[in-house]
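Data first, discussion second: the structure below is written as structure tokens.
2 protein chains.
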Amino acid sequence: MSQTAALAARVPSDSAKLPELAKAGTYRRILEESLMLFAQRGYHGTSVRDIASAVGVQIAAVYVHFPSKGHVLAELCRIGHEEHQRALRAALLDAGSSPADQLSALVRAHVRLHAEYAMLATVANYELHALPEELAGATLALRKQSEALLIEICERGVAQKKFKTPDVVITAAAIGAMGMRVAQWYRPELGKSIDEIANVHAELALRMFTAR
Amino acid sequence: MSQTAALAARVPSDSAKLPELAKAGTYRRILEESLMLFAQRGYHGTSVRDIASAVGVQIAAVYVHFPSKGHVLAELCRIGHEEHQRALRAALLDAGSSPADQLSALVRAHVRLHAEYAMLATVANYELHALPEELAGATLALRKQSEALLIEICERGVAQKKFKTPDVVITAAAIGAMGMRVAQWYRPELGKSIDEIANVHAELALRMFTAR
DNA sequence: GTCTATACTATGATAGAC
DNA sequence: GTCTATCATAGTATAGAC
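So the sequence lines, in the order shown, correspond to chains C and Y. Going by this note's numbering, the residue at position 185 of the first sequence is 185; the numbering climbs one at a time, nothing skipped. Positions in the second sequence are counted from 1; adding 212 to them yields this note's numbering.
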């Protein structure tokens with residue numbers, strides 16, 4: 001699809017950053033260029049021709065590395081959710097045992113990932129629905145686990161009477177949502193560092209659990 | 213596109229609810245069925261054939277009412293953002309003059325809209341990027357105005373020293389984000405009323421502006 | 001306003017040479 | 001692993017009859 005001018009950029013970031021991967025060469029280039037295209041135009045708005053052209057190879061070369069366009073998206077979604085979960089778990093290991101410390105650490109990691117890997121997060125979060133079940137399974141399992149990490153911390157805080165909330169599930173959803181959204185507005189030119197943004201979100205999350 | 217099994221539903225809601233519109237008949241049916249299809253599969257994942265088939269007419273009949281598929285999406289995005297802004301303005305007229313009352317009223321209206329019109333909100337928020345500039349202009353203007361409404365209330369609260377925050381812009385973005393996200397998880401079967409959910413979000417927003 | 005029929009282009013994917 | 005060439009299908013959109 002040659003596509004008419006994209007107007008409202010879905011992702012202000014212009015870096016198709018991927019976590020460290022063992023594989024290199026054309027395989028990786030396909031992932032990188034697909035990431036940029038899927039983030040900008042969406043999965044269905046991107047053709048295999050677009051991908052091949054961006055990589056600088058012919059269409060047939062793409063099919064040497066991936067059996068279908070869906071497999072490219074599936075891999076990006078999986079990588080994104082895997083890196084997300086890795087970041088959350090690493091943050092929790094560094095955090096203390098109090099629910100407040102844990103929530104703060106988790107939110108900061110969550111936000112940092114969505115700012116640093118804005119394109120990857122956008123594709124993994126908003127294009128996953130385009131995949132058939134068999135290709136999305138791994139990603140959905142990861143997502144469920146990561147959601148559970150957040151919910152458990154919140155519920156532990158409530159059980160210990162450290163967190164006050166009218167509804168712990170809604171509050172957890174809200175905390176997840178505000179962090180995810182960072183991928184849609186963060187740009188280095190804003191003059192706010194990623195750490196600064198992450199810290200503000202952690203503070204907001206803690207306030208959400210503090211009665212007025 | 214006959215499309216393989218959609219796995220991770222983007223919108224749990226199953227009602228393609230539209231605000232009151234003057235027009236009826238096939239024109240409206242096209243909007244309703246397109247809304248459902250765009251919400252479930254995305255704009256590029258939906259063909260004019262899919263739309264015609266859902267409405268129960270031939271493809272050519274669709275083109276009698278809309279000059280292109282893009283115009284159908286443009287109209288849905290415009291309707292969604294218009295209803296959103298109408299709801300925000302109505303809420304503000306009913307609210308008192310204190311920033312807290314105004315923020316609470318605005319957030320409740322914002323959340324109610326995203327729960328009541330979940331599909332419309334999803335399409336208007338997440339498919340707009342598929343439109344070329346000339347078709348998205350009206351919607352973008354509305355969005356900018358609605359964002360300004362929220363920001364202004366927040367900044368007024370800060371100026372009056374009623375709201376405490378480390379960063380008013382980030383906080384406003386977070387408040388907008390948590391409300392938008394409701395469209396992605398709200399279902400009547402959850403056993404939570406829309407008003408209840410809206411009230412919780414209003415409380416969370418006020419807490420975000422309250423120092424610990 | 002709706003239909004049938006069709007034009008034309010783009011699409012995902014494969015075969016077979018190098 | 002990459003290329004050229006090709007297939008079968010699906011895509012948007014239009015013409016002209018009723």
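Cβ coordinates follow ideal geometry from the N, Cα and C atoms, glycine included.
Using 8 Å for Cβ pairs, my map puts residue i next to residue j. What's the rounded Cβ distance?
i	j	result
C/Leu-106	C/Ile-151	That pair is no contact at about 11 Å.
C/Ala-95	C/Gln-102	5 Å
C/Gly-80	C/Tyr-117	7 Å
C/Cys-77	C/Val-123	7 Å
Cα separation between residue i and residue j?
i	j	result
C/Pro-19	Y/Tyr-275	46 Å
Y/Ala-217	Y/Leu-300	The predicted model places Y/Ala-217 with a pLDDT of 49, which falls under 50 and marks its position as unreliable; any figure quoted below should be read in that light. C-alpha separation (whole angstroms): 37 Å.
C/Pro-132	Y/Ser-310	50 Å
C/His-201	C/Ser-34	30 Å
Y/Val-267	Y/Thr-238	8 Å
C/Asp-167	Y/Met-420	15 Å
Y/Arg-393	Y/Ala-348	22 Å
C/Ser-68	C/His-110	31 Å
Y/Ser-265	Y/Gly-254	17 Å
Y/Phe-278	C/Leu-149	47 Å
Y/Gly-257	Y/Lys-376	44 Å
C/Ala-60	C/Lys-17	25 Å
Y/Ala-303	C/Ser-47	44 Å
C/Ile-30	Y/His-341	23 Å
C/Ile-197	Y/Arg-261	45 Å
C/Glu-203	Y/Tyr-398	26 Å
Y/Gln-357	C/Gln-58	45 Å
C/Ala-159	C/Ile-175	18 Å
Y/Met-331	Y/Ala-286	15 Å
Y/Lys-374	C/Arg-212	13 Å
Y/Asp-226	Y/Ala-251	10 Å
Y/Met-248	C/Leu-93	43 Å
Where does residue i fall in DSSP's three states?
i	result
Y/Leu-361	helix
C/Pro-166	coil
C/Ala-173	helix
C/Tyr-186	coil
C/Lys-17	coil
Y/Lys-404	coil
C/Lys-23	coil
Y/Thr-216	Any reading at Y/Thr-216 needs caution, since the residue's pLDDT is 49, under 50, leaving its predicted position unreliable; the model's value is listed next. Coil at Y/Thr-216, not helix or strand.
Y/Ala-423	coil
Y/Arg-393	helix
C/Phe-38	helix
C/His-81	helix
Y/Gly-308	coil
Y/Val-269	coil
Y/Glu-339	coil
C/Tyr-43	coil
C/Val-158	helix
Y/Ser-280	coil
C/Arg-10	coil
C/Tyr-117	coil
Compare the C-beta of residue i against all C-beta atoms of chain Y and say whether one is closer than 8 Å.
i	result
C/Tyr-117	no
C/Glu-203	yes
C/Thr-210	yes
C/Leu-73	no
C/Ile-194	no
C/Ala-6	Only weak support is given to the placement of C/Ala-6: the predicted model assigns it a pLDDT of 49, under 50, and the value that follows is read from those uncertain coordinates. Judged by the 8 Å Cβ criterion, C/Ala-6 is in contact with chain Y.
C/Thr-171	yes
C/Tyr-63	no
C/His-129	yes
C/Ile-197	yes
C/Met-178	yes
C/Arg-108	no
C/Gly-191	no
C/Arg-181	yes
C/Arg-207	yes
C/Arg-49	no
C/Gly-96	no
C/Ala-174	yes
C/Arg-10	yes
Looking at chain C, is there any beta carbon in it that lies within less than 8 Å of the beta carbon of residue i?
i	result
Y/Gly-254	yes
Y/Arg-368	no
Y/Thr-334	no
Y/Val-412	yes
Y/Pro-311	no
Y/Tyr-239	no
Y/Ala-353	no
Y/Ala-348	yes
Y/Pro-378	yes
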